[in-house]
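Everything on this sheet refers to the single structure shown next.
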Amino acid sequence: MKQNIYILPSSVIILSIAVIIAALNLEEAAPVIVGEGMQPRVFPIFLMGLNIFLSLLMLWEFSRNPPGSIPLEGFPTYGSIILFVLFFIITQYIDMFIGIAVVMFLMCRLWGERRLAVNLALALSTPLVIFFLFDLVLKIRFPRGLLTDWYYG
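So for the sequence shown, the working numbering puts the first residue at 47; every next one is plus one.
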């Protein structure tokens with residue numbers, strides 16, 4: 047059982063190294079679009095380097111203090127997985143922002159938030175902030191959907 051705790055971090059390290067090798071062997075690099083700052087080609091390499099660092103930290107911590115047995119997950123965890131499937135379906139057939147609002151509302155309820163006003167405020171404000179941040183500030187258009195068709199005309 048003690049060896050099983052090393053499987054996940056070791057697998058993440060191996061996968062991250064494979065992604066870094068693949069990213070470095072690409073024939074065509076993405077064009078420089080941002081100017082200064084992190085470029086699109088460097089971003090996955092940066093994330094995989096961060097994965098490797100955190101996995102090594104996890105291996106070191108496991109060697110010092112092996113984790114105890116973990117209890118089985120409850121319904122909120124499995125319910126969240128079901129809600130992510132629901133989000134995919136709503137996003138594909140209706141609209142991404144409606145999917146975000148519906149799933150955030152249901153996830154708040156699932157994880158125990160009983161105040162209806164808080165659930166509604168979070169579920170409605172988050173998609174609005176995301177939409178207007180990306181549309182007005184970053185000038186990024188979203189894929190077509192029920193609400194985005196209405197907004198974009």
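Quick reminder that beta carbons are idealized off the backbone N, C-alpha and C, glycines included.
Setting aside the 5 residues that flank it on each side, Ser101 is surrounded in the same chain by Pro55, Val58 and Ile59, each with a C-beta closer than 7 Å to its C-beta; the list follows chain order.
For Asp181, no alpha helix (DSSP H) segment is defined, and its DSSP state is neither H nor E. DSSP places Phe188 in the coil class of the three-state scheme, outside both helix and strand.
Between the beta-carbon of Met142 and that of Phe188 there is about 7 Å, and that keeps the pair under the 8 Å contact cut.
Within the same chain, and ignoring the five residues on either side of Leu166 in sequence, the residues whose Cβ sits closer than 8 Å to its Cβ are Phe151.
Inter-residue distance for Ile136 and Trp106 is about 42 Å (C-alpha atoms, whole angstroms).
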